[in-house]
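Notes for the one structure printed next.
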Amino acid sequence: MIQVQNQHDLGRAKNAVQDFLIRKLLIPKIYLDADWEGKRVDVLAIDRAGNGDVHAVRIVDRNDDDLPSEEIKMMVGNSSQELGTITELKSLASQFKHLAIINSNPSIRMFELTLGILEHSLAADGVGRVGILSVNLGETEPNVQVIYKEESRVQVLLKAERFRSSREIVELADQFVTSHTANWEIRE
Amino acid sequence: MIAIEVQHYLNRARDFYEGMRLLKDDIGEFRFSSALLGIHCAISYCDALRVGLGSPKVSSDDHRKAAADLKSRLLKRRFSDLGGIHQLASLLSEKSSVSYSSNELRRQDAEVIVQQTERFMAWAEAVGKKLKVQGW
């Protein structure tokens, strides 16, 4: 039963992230559960009708039962799950990378941005940052919020910053668009 | 130099699109605005393509001739996917009516214009990339 609930949460989160990207990008092509260079991407968006930058989104469910007990779940603020996913995202071939977090279980501590996460989200050379999104599943209408951090009276928005582009990314995107049917697109 | 001009028209087109996108959520209240922004978005995309394909001047000419000019420039490049030309011509034909006519613009008419704009954009983006238009 819990597994079914988690699967439903994940599915609704994918739709919410898709809606977020439709609004953020310029008529993108969007793919769910994409196999991108052999790695799973929950939501993949290619901007400008499949001709622009690639946005890769991995979703982490903090309600995931991989952690052994409620006590440990409570202790683990920013679990290794988020850090690990950020590491994986950074190795993905895409210009923009986003971590989307579902936090549907009130008994688990809410995700908090820490200095460690902020530093870890940056590319090694500083060109690019993994963006972090919080998905609020709500009862009826899921939506995506960008997480803010209160810092010395200044609200810092942690938004995705563009990673370096490459011929590899462009060719991957071209091949992908040609060989896959988008889950959402504006058809000519 | 061409690349800079193409970028100028593309930026303008995307700016109009952002405005249209904001208004289309409440299209019942902003029928004229969303429709007109959509039409201007299409005109700017058309200008970007025409300049990128060698048209010397696009700013003040008759927009009704724009679709024909773009079509002939695409045919000269032996580009066969002309699907967007029909949408562009349809959008351009609505410009005067939306801008100046005393007739009411129905909600469904505005929705059709917004949809045609989005389809034309998808086509124009693909054309710009396929033809390697400078500045695209």
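These protein sequence lines are chains Z and P, in that order. Everything in the first sequence is counted per the working numbering, starting at 150 for the first residue and increasing by one. Everything in the second sequence is counted per the working numbering, starting at 391 for the first residue and increasing by one. For every residue, glycine included, the Cβ atom is placed at its ideal position computed from N, Cα and C.
Output the distance between the C-alpha atoms of residue i and residue j, rounded to the nearest integer angstrom.
{"i": "P/Phe-510", "j": "Z/Asp-196", "result": "15 Å"}
{"i": "Z/Glu-231", "j": "Z/Glu-268", "result": "13 Å"}
{"i": "P/Leu-439", "j": "Z/Ala-249", "result": "37 Å"}
{"i": "P/Gly-518", "j": "Z/Leu-159", "result": "37 Å"}
{"i": "P/Gln-506", "j": "P/Ser-424", "result": "12 Å"}
{"i": "P/Ser-434", "j": "Z/Val-166", "result": "30 Å"}
{"i": "Z/Ser-328", "j": "Z/Ser-314", "result": "21 Å"}
{"i": "Z/Glu-282", "j": "Z/Val-293", "result": "First, the amino acid is wrong: residue 282 of chain Z is Leu here, not Glu. The alpha-carbon atoms of Z/Leu-282 and Z/Val-293 are separated by roughly 7 Å."}
{"i": "Z/Arg-161", "j": "Z/Leu-262", "result": "24 Å"}
{"i": "Z/Gly-277", "j": "Z/Lys-308", "result": "10 Å"}
{"i": "P/His-453", "j": "Z/Asn-285", "result": "46 Å"}
{"i": "P/Ile-475", "j": "P/Ala-514", "result": "9 Å"}
Nearer than 7 Å: is that true of the beta carbon of residue i relative to any heavy atom of the ligand FAD?
{"i": "Z/Ala-194", "result": "Ligands are entirely absent from the displayed structure, and the ligand FAD is therefore not among its contents."}
Relative to the C-alpha of residue i, which candidate in the options has its C-alpha closest?
{"i": "P/Lys-520", "options": "P/Glu-395, P/Leu-482, P/Ile-429 and P/Phe-469", "result": "P/Phe-469"}
{"i": "P/Ile-392", "options": "P/Ala-403, P/Leu-427 and P/Ser-445", "result": "P/Ser-445"}
{"i": "Z/Leu-271", "options": "Z/Leu-238, Z/Leu-174 and Z/Asp-158", "result": "Z/Leu-238"}
{"i": "Z/Phe-326", "options": "Z/Pro-177, Z/Arg-172 and Z/Asn-164", "result": "Here residue 326 of chain Z turns out to be Val, not Phe, going by the sequence shown. For Z/Val-326, the nearest C-alpha among the options comes from Z/Pro-177."}
{"i": "P/Leu-400", "options": "P/Glu-419, P/Asp-452, P/Val-441 and P/Glu-494", "result": "P/Val-441"}
{"i": "Z/Gln-156", "options": "Z/Ala-194, Z/Ala-198 and Z/Asn-212", "result": "Z/Asn-212"}
{"i": "Z/Ile-335", "options": "Z/Gly-187, Z/Asn-200, Z/Asp-191 and Z/Gln-152", "result": "Z/Asn-200"}
{"i": "P/Leu-482", "options": "P/Leu-426, P/Glu-419 and P/Ser-462", "result": "P/Leu-426"}
{"i": "P/Phe-406", "options": "P/Lys-522, P/Gly-525, P/Trp-526 and P/Glu-508", "result": "P/Glu-508"}
{"i": "Z/Ile-179", "options": "Z/Ala-205, Z/Lys-188, Z/Glu-186 and Z/Gly-187", "result": "Z/Ala-205"}
{"i": "P/Lys-522", "options": "P/Val-448, P/Arg-421, P/Arg-467 and P/Ile-503", "result": "P/Arg-467"}
{"i": "Z/Ser-229", "options": "Z/Lys-173, Z/Phe-260 and Z/Ser-240", "result": "Z/Phe-260"}
Compute the distance between the beta-carbons of residue i and residue j, then report whether it is under 8 Å.
{"i": "Z/Arg-207", "j": "Z/Thr-234", "result": "yes"}
{"i": "P/Glu-484", "j": "P/Ile-417", "result": "no"}
{"i": "P/Leu-538", "j": "P/Cys-436", "result": "Nothing can be reported for residue 538 of chain P: it is not among the residues displayed for chain P, which extend from 391 to 526."}
{"i": "Z/Ile-175", "j": "P/Arg-404", "result": "Reading the sequence as shown, one finds Leu at residue 175 of chain Z and not Ile. Going by C-beta atoms, Z/Leu-175 is nearer than 8 Å to P/Arg-404."}
In this structure, does DSSP put residue i in helix, strand or coil?
{"i": "P/Ile-429", "result": "helix"}
{"i": "Z/Leu-307", "result": "coil"}
{"i": "Z/Leu-159", "result": "helix"}
{"i": "Z/Ser-283", "result": "strand"}
{"i": "Z/Leu-193", "result": "strand"}
{"i": "Z/Leu-271", "result": "strand"}
{"i": "Z/Trp-333", "result": "strand"}
{"i": "Z/Phe-245", "result": "strand"}
Stretch-stretch touch, CB-based, cutoff 8 Å, three pairs: the region 404 to 419 of chain P with the region 481 to 496 of chain P: Segments in contact, no.
Segment contact flag, the region 316 to 332 of chain Z with the region 236 to 253 of chain Z, C-beta cutoff 8 Å, min 3 pairs: Short answer: they touch.
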